[in-house]
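Here is the structure we will look at, set down as structure tokens.
Protein chains: 2
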Amino acid sequence: MLLTRESPKPLYQQLKERILKDLALGKRPPHSRLPSEREWVRKLGVSRITVRQALSDLVQQGHLYTVPGKGIFVGEHSDARELNAFLSFTASVEARGEKPANRVIEAKLMRATAAIAHDLHVASGAEVVVLTRLRLANGLPMMIQRSMLPHARCPGLLDRDLEALSLYATLRQGYGLTLARAESTITARIADRSERKLLSLGESGVVLVVDQLTLAHDGEPVERAESIVHPERHPLSLVQQDNGRSLGVG
Amino acid sequence: MLLTRESPKPLYQQLKERILKDLALGKRPPHSRLPSEREWVRKLGVSRITVRQALSDLVQQGHLYTVPGKGIFVGEHSDARELNAFLSFTASVEARGEKPANRVIEAKLMRATAAIAHDLHVASGAEVVVLTRLRLANGLPMMIQRSMLPHARCPGLLDRDLEALSLYATLRQGYGLTLARAESTITARIADRSERKLLSLGESGVVLVVDQLTLAHDGEPVERAESIVHPERHPLSLVQQDNGRSLGVG
DNA sequence: GGTATTATCTGGTCATAACCAGTGCCCTCC
DNA sequence: GGAGGGCACTGGTTATGACCAGATAATACC
Numbered sequence: 009m010l011l012t013r014e015s016p017k018p019l020y021q022q023l024k025e026r027i028l029k030d031l032a033l034g035k036r037p038p039h040s041r042l043p044s045e046r047e048w049v050r051k052l053g054v055s056r057i058t059v060r061q062a063l064s065d066l067v068q069q070g071h072l073y074t075v076p077g078k079g080i081f082v083g084e085h086s087d088a089r090e091l092n093a094f095l096s097f098t099a100s101v102e103a104r105g106e107k108p109a110n111r112v113i114e115a116k117l118m119r120a121t122a123a124i125a126h127d128l129h130v131a132s133g134a135e136v137v138v139l140t141r142l143r144l145a146n147g148l149p150m151m152i153q154r155s156m157l158p159h160a161r162c163p164g165l166l167d168r169d170l171e172a173l174s175l176y177a178t179l180r181q182g183y184g185l186t187l188a189r190a191e192s193t194i195t196a197r198i199a200d201r202s203e204r205k206l207l208s209l210g211e212s213g214v215v216l217v218v219d220q221l222t223l224a225h226d227g228e229p230v231e232r233a234e235s236i237v238h239p240e241r242h243p244l245s246l247v248q249q250d251n252g253r254s255l256g257v258g
Numbered sequence: 009m010l011l012t013r014e015s016p017k018p019l020y021q022q023l024k025e026r027i028l029k030d031l032a033l034g035k036r037p038p039h040s041r042l043p044s045e046r047e048w049v050r051k052l053g054v055s056r057i058t059v060r061q062a063l064s065d066l067v068q069q070g071h072l073y074t075v076p077g078k079g080i081f082v083g084e085h086s087d088a089r090e091l092n093a094f095l096s097f098t099a100s101v102e103a104r105g106e107k108p109a110n111r112v113i114e115a116k117l118m119r120a121t122a123a124i125a126h127d128l129h130v131a132s133g134a135e136v137v138v139l140t141r142l143r144l145a146n147g148l149p150m151m152i153q154r155s156m157l158p159h160a161r162c163p164g165l166l167d168r169d170l171e172a173l174s175l176y177a178t179l180r181q182g183y184g185l186t187l188a189r190a191e192s193t194i195t196a197r198i199a200d201r202s203e204r205k206l207l208s209l210g211e212s213g214v215v216l217v218v219d220q221l222t223l224a225h226d227g228e229p230v231e232r233a234e235s236i237v238h239p240e241r242h243p244l245s246l247v248q249q250d251n252g253r254s255l256g257v258g
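Chains as they are written, first to last, in this note's numbering: chain E, 9 to 258; chain U, 9 to 258.
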């Protein structure tokens with residue numbers, strides 16, 4: 009028995025974490041069958057609703073899949089999730105086992121232009137933090153990233169150590185800002201001279217350009233970022249999953 | 009009363025579709041409050057579990073958000089969802105109100121090389137459908153896409169009309185293959201001469217290259233596709249959402 | 001032996017009924 | 001008038017119990 013009712017954590021959360029730990033430890037290999045819902049009920053002494061809430065969350069997230077009449081099974085890609093290139097450069101580099109580093113190129117306050125003000129939902133002319141960084145993995149330059157944030161939501165951000173810590177970690181720990189949504193547009197173009205130099209690009213000098221607007225849970229924008237990415241060294245990798253029965257219904 | 013028990017569709021599905029229709033029609037603007045769970049229960053004569061299943065699905069998908077103690081609200085971006093460039097070119101173009109078209113450049117059977125065989129989980133030398141298409145929106149070429157599919161999973165695919173219908177629609181309707189997962193890698197490079205001509209690219213000739221492996225629900229690969237994308241005409245847009253409490257818990 | 005029936009699994013859906021912790025309003029008391 | 005306490009809401013969590021359709025294996029029948 010690993011679930012306790014004395015914890016402030018809901019029972020279904022405890023069960024989720026227990027199963028996730030099993031998956032991470034390599035017990036329960038892909039396509040292996042989990043105990044049935046009613047077996048969990050008997051073993052844990054909780055109700056079926058509780059078990060189903062835990063399991064269906066994990067199904068939603070792609071860790072498990074169900075086959076009616078047969079059972080619940082471990083998904084093909086139960087490990088190696090979230091190595092999503094977008095939400096955090098630091099996290100994605102670490103996920104590949106490499107060492108991330110940042111070199112701050114520019115860090116200042118600016119008055120918002122009309123376009124920036126629109127994107128960040130602030131008044132035109134409001135103070136905006138501009139942070140340009142060269143981001144490296146194992147010492148190799150991967151991308152140039154220019155972030156803009158409304159200063160009102162992160163006052164004093166420039167006084168913090170922006171080279172050591174991930175920007176997103178700083179926002180979360182220092183200001184309670186958790187990012188919920190990222191809208192990105194990806195294009196490509198020829199690099200200009202300074203970009204070519206910073207990224208130590210070869211002859212052709214092609215770069216990926218990622219334009220991203222990052223929003224908090226309330227839908228308010230937190231960051232506007234443009235990333236100039238070295239296409240060979242840091243290809244953008246991306247996993248999209250369609251769980252749920254909603255898409256192809258009609 | 010818009011829900012019926014005589015339908016084969018589950019009640020919570022009917023409720024989901026009803027709310028989604030309201031969102032699509034523009035009733036229920038962003039941040040407006042929905043009826044509370046118990047109000048739905050009274051109005052529809054169903055149990056709270058049913059209402060919660062519908063609502064929590066919609067919350068998971070980002071259409072709604074909840075505030076404990078206050079209510080359930082329409083999300084900021086309730087409309088314009090799924091204009092995700094990856095899962096279906098046809099759908100994404102139509103979502104922008106443009107007219108998609110396909111021109112088949114090449115359609116044949118091939119023996120799988122070792123690399124292809126590995127990606128598609130077939131034996132080396134097995135039959136593979138190769139389909140190269142020029143994909144247009146409003147008559148303008150947007151991308152060249154070369155798809156490879158295991159012939160065993162879609163026998164006779166080449167005999168179908170591949171210019172009129174979306175490939176994914178054909179797979180779903182003709183073979184019962186529903187795509188569940190897409191793993192993509194995005195890079196950029198200089199286009200070669202034939203690409204430049206087909207896409208009517210300008211001087212520089214930079215293209216985005218999307219390498220995608222598409223998998224069915226059982227984790228088995230269905231399609232391996234390489235897309236050569238016109239970066240200015242068809243920038244890749246992408247929305248990532250972090251619903252659920254799973255990420256930053258620790 | 002082969003086939004059809006049946007019993008018993010599975011997950012999927014739904015009902016009724018609690019209690020909790022927040023939020024907000026109103027009413028009373030000072 | 002202002003402060004406090006209650007009360008009626010909200011979504012979040014959990015229990016118990018029921019029926020369905022699909023899968024499976026054992027059993028009974030021919």
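C-beta atoms are modelled at their ideal positions from N, C-alpha and C, and glycine is treated no differently.
Predicted model, so just to flag it, every value in this text is computed and none were measured.
Buried or exposed (CB count within 10 angstroms, at least 16 for buried), methionine 118(E)
Position 110 of the first sequence, counting from 1, holds the residue named residue 118(E). Under this definition methionine 118(E) is an exposed residue.
Rounded to whole angstroms, what's the CA-CA distance from threonine 58(U) to threonine 58(E)? Just pull it up for me.
Indexing the second sequence from 1 puts residue 58(U) at position 50. Indexing the first sequence from 1 puts residue 58(E) at position 50. The straight-line gap from Cα to Cα measures roughly 15 Å.
Neighbour list for threonine 98(E) in chain U, Cβ cutoff strictly below 7 Å
Position 90 of the first sequence holds residue 98(E). By Cβ distance, chain U contributes nothing, its closest Cβ being about 14 Å from threonine 98(E), past 7 Å.
The alpha helix (DSSP H) with lysine 116(E) in it runs from where to where?
Locating residue 116(E) in the first sequence gives position 108, where the first residue counts as 1. Careful: lysine 116(E) lies outside any alpha helix (DSSP H), inside the beta strand (DSSP E) at 108-119.
Cβ of glutamine 248(E) less than 8 Å from any chain U Cβ?
To locate residue 248(E), count along the first sequence from 1; it is residue 240. For glutamine 248(E), the answer is yes, since a Cβ of chain U falls inside 8 Å of its Cβ.
Taking serine 202(U) and aspartate 219(U) to be in contact with their CB atoms under 8 Å, please state how far apart those CB atoms are, rounded to whole angstroms.
One-based indexing of the second sequence puts residue 202(U) at position 194. One-based indexing of the second sequence puts residue 219(U) at position 211. No, serine 202(U) and aspartate 219(U) are not in contact; Cβ-Cβ is about 19 Å, not under 8 Å.
Ordered along the chain, which non-local residues of its own chain (more than five positions away) have a Cβ less than 8 Å from that of glycine 79(U)?
Numbered from its first residue, the second sequence carries residue 79(U) at position 71. If we look at glycine 79(U) and ignore the five residues flanking it on each side, its Cβ neighbours are Arg41, Leu42 and Ser44.
In three-state terms, what does DSSP make of glutamine 220(U)?
What you label residue 220(U) is simply residue 212 of the second sequence in a count that begins at 1. Correct three-state label for glutamine 220(U): strand.
Option in Leu166(U), Lys35(U), Leu173(U) and Leu63(U) with minimal Cα separation from glutamate 47(U)
Along the second sequence, read from residue 1 onward, the residue named residue 47(U) stands at position 39. Closest by alpha carbon: Leu63(U).
Assign alanine 233(E) to one of three DSSP states: helix, strand, or coil.
Taking the first residue of the first sequence as 1, we reach residue 233(E) at position 225. The answer is strand: DSSP assigns alanine 233(E) an E or B state.
Mind pulling the chain E residues with CB within less than 7 Å of proline 43(U)?
What you label residue 43(U) is simply residue 35 of the second sequence in a count that begins at 1. Under the 7 Å cutoff, chain E gives no residues; its nearest Cβ is about 21 Å from proline 43(U).
I'd like to know if leucine 175(E) contacts chain U, where contact means its C-beta is closer than 8 Å to some C-beta of that chain.
Taking the first residue of the first sequence as 1, we reach residue 175(E) at position 167. The C-beta of leucine 175(E) comes no closer than 8 Å to any C-beta of chain U.
So what does DSSP say about arginine 241(E), is it helix, strand or coil?
For the purposes of this step, residue 241(E) is taken as the residue at position 233 of the first sequence. If DSSP states are grouped into helix, strand and coil, arginine 241(E) belongs with coil.
Determine the contact status of proline 149(E) and histidine 238(E), defining contact as a CB-CB distance below 8 Å.
The count along the first sequence starts at 1 and reaches residue 149(E) at position 141. The count along the first sequence starts at 1 and reaches residue 238(E) at position 230. Yes, these two residues count as a Cβ contact at 8 Å.
Between leucine 19(U) and leucine 11(U), what straight-line distance do the alpha-carbon atoms span, to the nearest angstrom?
Position 11 of the second sequence, counted from the first residue, corresponds to residue 19(U). Position 3 of the second sequence, counted from the first residue, corresponds to residue 11(U). Approximately 7 Å, taken between the alpha carbons.
Enclosing alpha helix (DSSP H) for threonine 58(U) [first to last residue]
Here residue 58(U) corresponds to residue number 50 of the second sequence, with the count starting at 1. Residues 56-68.
List, in order along the chain, the chain E residues whose C-beta lies closer than 8 Å to that of valine 215(U)?
Taking the first residue of the second sequence as 1, we reach residue 215(U) at position 207. Result: Ala196.
Pairs of beta-carbons, one from the segment 174-187 of chain E and one from the segment 145-165 of chain E, closer than 8 Å: are there three or more?
yes
Just the Cα atoms here: how many angstroms apart are leucine 72(E) and aspartate 30(E)?
For the purposes of this step, residue 72(E) is taken as the residue at position 64 of the first sequence. For the purposes of this step, residue 30(E) is taken as the residue at position 22 of the first sequence. Near 12 Å, if we compare the C-alpha coordinates of aspartate 30(E) and leucine 72(E).
Alpha carbon of alanine 196(E) to alpha carbon of serine 15(U), nearest angstrom:
Taking the first sequence and counting its residues from 1, the one referred to as residue 196(E) is at position 188. Taking the second sequence and counting its residues from 1, the one referred to as residue 15(U) is at position 7. Going from the Cα of alanine 196(E) to the Cα of serine 15(U) covers about 49 Å.
Using a Cβ cut-off of 9 Å, pull out every chain E residue sitting near threonine 193(U), in sequence order please.
The residue you call residue 193(U) lines up with position 185 of the second sequence. Per Cβ cutoff of 9 Å: Pro243, Leu244, Ser245 and Leu246.
Buried or exposed, going by whether 16 or more other CB atoms sit within 10 Å of the CB of glutamate 171(U)?
In the second sequence, the residue the question calls residue 171(U) occupies position 163. So glutamate 171(U) counts as exposed.
Alpha carbon to alpha carbon, what distance is there between leucine 246(U) and glutamate 234(U)?
The residue you call residue 234(U) lines up with position 226 of the second sequence. The residue you call residue 246(U) lines up with position 238 of the second sequence. If you take the alpha carbons of glutamate 234(U) and leucine 246(U), they lie about 18 Å apart.
Taking 8 Å as the CB-CB limit, is alanine 190(U) close to chain E?
Position 182 of the second sequence, counted from the first residue, corresponds to residue 190(U). It does: the Cβ of alanine 190(U) has a partner Cβ on chain E nearer than 8 Å.
What three-state label does DSSP hand alanine 274(E) in the structure shown?
Residue coverage of chain E in this structure runs from 9 to 258, which leaves residue 274(E) outside it and unanswerable.
Quick one, which of Thr186(E), Glu102(E), Ile198(E) and Val54(E) has its alpha-carbon nearest glutamate 211(U)'s?
On the second sequence, residue 211(U) is found 203 positions in, with the first residue counted as 1. Per the Cα distances, Ile198(E).
Return the bridge partner residues of leucine 248(E) from the DSSP annotation.
On the first sequence, residue 248(E) is found 240 positions in, with the first residue counted as 1. Reading off the sequence, residue 248(E) comes out as glutamine, not leucine. Per DSSP, Ala190(U).
Going by DSSP, name the residue or residues bridged to serine 155(E).
Residue 155(E) sits at position 147 when you count from the first residue of the first sequence. According to DSSP, serine 155(E) bridges with Leu139(E) and Ala233(E).
Glycine 77(E) to leucine 175(U) span [Cα, whole Å]:
For the purposes of this step, residue 77(E) is taken as the residue at position 69 of the first sequence. For the purposes of this step, residue 175(U) is taken as the residue at position 167 of the second sequence. Straight-line Cα distance between these residues: approximately 31 Å.
Residues bridged to glutamate 32(E) [DSSP beta-bridge criterion]
Within the first sequence, the letter at position 24 stands for residue 32(E). The displayed chain sequence assigns alanine, not glutamate, to residue 32(E). BP columns for alanine 32(E) are empty, so no partner.
Reduced DSSP secondary structure (H/G/I, E/B, other) of alanine 172(E):
One-based indexing of the first sequence puts residue 172(E) at position 164. It is coil, neither helix nor strand.
Paired residues, beta bridge with threonine 195(U) - DSSP:
Within the second sequence, the letter at position 187 stands for residue 195(U). Note: threonine 195(U) sits in a beta bridge opposite Val217(U).
Counting only the same chain and skipping the five closest in sequence on each side, list residues whose C-beta sits under 8 Å from that of proline 37(E).
For the purposes of this step, residue 37(E) is taken as the residue at position 29 of the first sequence. Around proline 37(E): Val82.
Distance check for lysine 17(E) and leucine 52(E), CA to CA, integer angstroms please.
Position 44 of the first sequence, counted from the first residue, corresponds to residue 52(E). Position 9 of the first sequence, counted from the first residue, corresponds to residue 17(E). Going by the C-alpha atoms only, they are around 16 Å apart.
Spatial neighbours of valine 214(U) in its chain, beta-carbon cut-off 8 Å, leaving aside the 5 residues before and after
Residue mapping note: residue 214(U) aligns to position 206 of the second sequence, counting from 1. So the qualifying residues of the chain are Ala196, Arg197, Ile198, Ala199 and Pro239.
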